[in-house]
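Chemist:
Residue numbers (the UniProt record's numbering): 1 to 135.
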């Protein structure tokens, strides 16, 4: 019996996404827990607008493929609403932020940028942000 590793999860993926250059891609194996708009100054600066829209997933629901080891993490240590650090995960090749991991959630959740999800609006089934605030 051959042995191999596979990027594809055993169940059909619900959503796919990638950074701008395509070096880091991912499969989201479930529907998001919720979709939110974050208006914190970090997301405003990172996204170049008044807010960013993100979909919340548990870490095990995001299967990442990073064949060139471009996945980087920048930790925001000060100025967060919760007072706890948060990590901005991004591609070291194109600089695109993929998701944020807030330590207030013990690092268990990824806030994935919905704009990077393939066919985002159609794939999300018309889900709209159900809350606003900051992480």
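The C-beta atom is built at its ideal place from N, Cα and C for all residues, glycine as well.
Treat the numbers as computed from the prediction; the structure is a model and nothing was measured.
In three-state terms, what does DSSP make of residue 116?
Modeler: Judged by DSSP in its simplified three-state form, residue 116 adopts helix.
Chemist: Are the beta-carbon atoms belonging to residue 29 and residue 63 less than 9 Å from one another?
Modeler: Taking 9 Å as the Cβ cut-off, residue 29 and residue 63 qualify as a contacting pair.
Chemist: Would you tell me roughly how many angstroms separate the C-alpha atoms of residue 82 and residue 93, rounded to the nearest one?
Modeler: 30 Å
Chemist: Taking the alpha carbon of residue 104 as the point to measure from, which residue in 89, 37, 119, 80 has its own alpha carbon closest?
Modeler: 80
Chemist: Determine the DSSP secondary structure at residue 97, reduced to helix, strand or coil.
Modeler: strand
Chemist: Can you tell me whether DSSP reads residue 17 as helix, strand or coil?
Modeler: strand
Chemist: Near residue 110, what residues of its chain come up, given a Cβ to Cβ distance below 7 Å and the 5 sequence neighbours on each side ignored?
Modeler: 57, 59, 62, 99, 101
Chemist: Report the residue from 86, 36, 35 whose alpha carbon sits nearest the alpha carbon of residue 108.
Modeler: 86
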